[in-house]
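Below is one structure; the comments refer to it alone.
Protein chains: 2
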Amino acid sequence: MLYLSHMKKELPVDCEHCPSKSSGVFCDLKMPELENITHHKVSNTYKKGQTLFVQGNHPYGLFCISKGNIKLTKVGPDGKESIVRVVTGGDILGHRSLFTEDNYSGTATAMEDTEVCFIDKKFIIGVIQNNPSVAMNIINKLSRDMGIAENKLTSLHQKNVRERLAELLLALKASHGVREGQRVRIDMKLTREEMATMIGTANETLIRFMTEFKEAGILEQEGKVIYITNEEELLNWANINY
Amino acid sequence: MLYLSHMKKELPVDCEHCPSKSSGVFCDLKMPELENITHHKVSNTYKKGQTLFVQGNHPYGLFCISKGNIKLTKVGPDGKESIVRVVTGGDILGHRSLFTEDNYSGTATAMEDTEVCFIDKKFIIGVIQNNPSVAMNIINKLSRDMGIAENKLTSLHQKNVRERLAELLLALKASHGVREGQRVRIDMKLTREEMATMIGTANETLIRFMTEFKEAGILEQEGKVIYITNEEELLNWANINY
DNA sequence: TTCAAAACATGACATGGATTATATTCTTTT
DNA sequence: AAAAGAATATAATCCATGTCATGTTTTGAA
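Below, the structure written as structure tokens:
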């Protein structure tokens with residue numbers, strides 16, 4: 155809580171006690187190998203708003219999220235920002251850099267206080283090659299991410315803002331929803347601006363439709379917290395029927 | 155050229171003589187293992203317009219493109235179609251199905267006469283687990299595809315149709331361009347409709363901008379064939395500066 | 001507690017691009 | 001070769017959403 159609070163800080167976490175081990179790519183590894191990784195990683199915490207890396211930086215290895223949400227953004231030539239993906243505990247970040255010499259094509263920013271491990275490029279490549287389960291888990295994760303990205307693409311092609319907002323809320327419910335009585339709370343701090351850049355619209359437009367949703371009894375807001383009160387109706391508005 | 159011409163036909167191709175071996179995921183495999191794959195795959199040709207699989211189908215394995223362009227499309231609830239990706243020789247198709255029990259989330263259609271191999275799910279999983287190089291190549295390909303998808307997302311968020319068209323033409327030049335004297339021919343049969351659904355616009359709008367590009371001396375058209383005549387100008391119009 | 005800055009909200013207006021309509025050209029089939 | 005059906009082209013209209021302007025509320029720092 156002192157001046158240290160805005161600096162990244164090392165944490166002595168080992169991989170077998172990682173809160174996200176079960177959903178991470180190392181979930182199938184046994185003890186000796188897991189220990190090996192523990193000794194080759196660096197563990198850090200990032201406070202809300204801190205960046206793990208910036209678009210254009212040179213990558214040196216793989217980030218492995220242990221706890222917390224991180225947004226991956228890309229700024230266009232006009233300075234406009236888009237959130238292309240949000241990663242959480244168990245996800246990895248920077249895998250593309252393992253194979254190409256390209257610099258980071260986006261910026262990773264902590265959306266809240268997070269714990270992240272960093273593993274050196276050469277070492278992690280060895281781990282992947284020696285452990286088929288790790289390779290399979292990575293392929294699995296990448297495949298899913300690819301599916302999500304392709305769905306976003308089609309939504310942007312084919313749907314209007316109202317439908318995309320409904321989809322976003324459903325996705326947030328699935329990934330960060332917490333049931334509380336009759337309603338579901340979105341357990342994630344998001345500004346309207348951020349939500350807007352997630353579905354590719356202006357924040358004014360997003361706010362307008364949020365208001366519409368509230369008036370339709372689909373959402374409730376208490377401060378910044380969003381509650382979904384009528385999921386069936388939300389599904390209708392999302393216009394999904396396949 | 156007879157009634158057989160509209161049926162898929164088996165071809166006796168082995169993997170070590172595949173025209174796309176060098177760019178495929180099996181490029182690093184040696185002879186005994188490669189022979190093994192040859193014996194476990196089925197090789198087919200698909201004529202222009204034929205589908206390899208349809209959105210909603212149940213997947214049974216991995217497709218491995220040997221020759222020709224295949225478009226991956228998704229239809230939305232309103233019947234509108236989007237091309238999410240075009241795959242060519244050396245690419246794989248249907249990897250997501252190896253891990254999830256989900257049905258195909260898109261339709262794969264041959265854009266010209268193609269040669270495609272099919273490998274059973276269980277067998278290919280074994281191959282990936284036993285050959286780190288295959289796993290690495292798949293991760294590499296997926297990572298690149300993911301990067302491309304994320305770039306498309308940001309383009310849709312941040313750029314107008316003119317800029318997206320310029321980007322598409324640059325991408326086509328990179329993937330299918332053939333230098334012919336002062337100009338570059340796009341070696342790919344594409345209808346305007348298809349180009350439109352690749353950048354998420356209406357074909358009328360696309361045609362309008364194509365005309366604009368031709369009038370600006372950036373493009374030339376001879377029948378269906380597109381020639382790029384002024385690449386620097388195209389780069390300007392694409393508005394890329396990072 | 002106060003003040004400044006950021007986030008949220010709403011209205012007015014402008015516009016890019018979808019939609020609709022119609023015509024022309026190219027392709028395929030008979 | 002002729003007819004039918006795609007694909008291409010262009011123009012007119014309209015609407016969803018971006019942009020701008022302004023005010024209010026919330027948050028966070030001093």
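Which chain is which? The protein sequence lines are A and B, in order.
Numbering-wise (this note's numbering), the first sequence opens with residue 155 and increments by one.
Numbering-wise (this note's numbering), the second sequence opens with residue 155 and increments by one.
For glycine and all other residues, C-beta sits at the position ideal for the given N, C-alpha and C.
None of these values were measured; they are calculated from a predicted model.
Between residue i and the rest of its own chain, which residues show a CB-CB distance below 7 Å, the 5 nearest in sequence each way excluded?
i, result
"residue 384 (chain A)", "371, 372"
"residue 309 (chain A)", "318, 321"
"residue 390 (chain B)", "none"
"residue 342 (chain B)", "223, 326, 330"
"residue 360 (chain A)", "319, 346, 349, 350"
"residue 244 (chain B)", "174, 177, 178, 219"
"residue 355 (chain B)", "315"
For the beta strand (DSSP E) containing residue i, list its first residue and its last residue.
i, result
"residue 198 (chain A)", "195-200"
"residue 394 (chain A)", "First-last for residue 394 (chain A): undefined, no H or E at that position."
"residue 221 (chain A)", "215-221"
"residue 274 (chain B)", "268-274"
"residue 261 (chain A)", "261-264"
"residue 184 (chain B)", "Neither: residue 184 (chain B) is in no beta strand (DSSP E) and is coded neither H nor E."
"residue 235 (chain B)", "235-241"
"residue 229 (chain A)", "224-229"
"residue 206 (chain A)", "205-207"
"residue 338 (chain B)", "337-340"
Can you name the start and end residues of the alpha helix (DSSP H) that residue i belongs to?
i, result
"residue 353 (chain B)", "346-353"
"residue 297 (chain B)", "286-312"
"residue 329 (chain A)", "315-330"
Among residues of its own chain, excluding the 5 on either side of residue i, which ones have a beta-carbon nearer than 8 Å to its beta-carbon?
i, result
"residue 322 (chain A)", "349, 352, 353"
"residue 347 (chain B)", "357"
"residue 259 (chain B)", "209, 228, 250"
"residue 206 (chain B)", "200, 217, 224, 247, 262, 263, 264, 270"
Which residues in the same chain as residue i place their Cβ atom closer than 6 Å to its Cβ, once the five residues preceding and following it in sequence are excluded?
i, result
"residue 387 (chain B)", "372"
"residue 327 (chain A)", "338, 382"
"residue 226 (chain B)", "238, 239, 260, 262"
"residue 332 (chain B)", "339, 341"
"residue 282 (chain A)", "288, 289"
"residue 182 (chain A)", "287"
"residue 364 (chain A)", "none"
What separation, rounded to the nearest whole angstrom, lies between the Cα atoms of residue i and residue j?
i, j, result
"residue 246 (chain A)", "residue 218 (chain A)", "5 Å"
"residue 236 (chain B)", "residue 267 (chain A)", "38 Å"
"residue 176 (chain B)", "residue 284 (chain B)", "20 Å"
"residue 288 (chain A)", "residue 172 (chain A)", "16 Å"
"residue 157 (chain A)", "residue 204 (chain A)", "Bear in mind that a pLDDT of 38 at residue 157 (chain A), under 50, signals an unreliable position, so the model cannot answer this."
"residue 300 (chain B)", "residue 240 (chain B)", "13 Å"
"residue 379 (chain A)", "residue 180 (chain A)", "33 Å"
"residue 184 (chain A)", "residue 170 (chain A)", "9 Å"
"residue 303 (chain B)", "residue 202 (chain B)", "25 Å"
"residue 286 (chain A)", "residue 186 (chain A)", "16 Å"
"residue 362 (chain B)", "residue 369 (chain B)", "11 Å"
"residue 196 (chain A)", "residue 296 (chain B)", "26 Å"
"residue 233 (chain A)", "residue 366 (chain B)", "27 Å"
"residue 376 (chain B)", "residue 324 (chain B)", "18 Å"
"residue 334 (chain A)", "residue 344 (chain B)", "52 Å"
"residue 305 (chain A)", "residue 306 (chain B)", "12 Å"
"residue 198 (chain A)", "residue 298 (chain B)", "27 Å"
When the Cα of residue i is compared with those of the options, which residue comes out closest?
i, options, result
"residue 262 (chain A)", "A:213, A:299, A:316, A:338", "A:213"
"residue 229 (chain B)", "B:208, B:242, B:248", "B:208"
"residue 329 (chain B)", "B:227, B:360, B:242, B:238", "B:242"
"residue 215 (chain A)", "A:255, A:234, A:201, A:308", "A:255"
"residue 275 (chain A)", "A:295, A:252, A:259", "A:252"
"residue 250 (chain B)", "A:340, A:192, A:293", "A:293"
"residue 189 (chain B)", "B:203, B:206, B:168, B:178", "B:168"
"residue 270 (chain B)", "B:220, B:307, B:366", "B:220"
"residue 191 (chain B)", "B:200, B:273, B:248, B:181", "B:273"
"residue 393 (chain B)", "B:335, B:362, B:315", "B:315"
"residue 336 (chain A)", "A:206, A:389, A:374, A:296", "A:374"
"residue 312 (chain B)", "A:193, A:345, A:231", "A:231"
"residue 279 (chain A)", "B:196, B:279, B:278, B:291", "B:291"
"residue 277 (chain B)", "B:334, B:193, B:344, B:324", "B:193"
"residue 257 (chain B)", "B:298, B:211, B:234", "B:211"
When you measure from the CB of residue i to every non-hydrogen atom of the ligand HEM, does any distance come out below 7 Å?
i, result
"residue 242 (chain A)", "Questions concerning the ligand HEM fall outside what the structure shown contains, since it holds no ligand whatsoever."
#### Entry: alpha helix (DSSP H) runs wholly inside the stretch 361-395 of chain A, at least 4 long, in chain order
385-392
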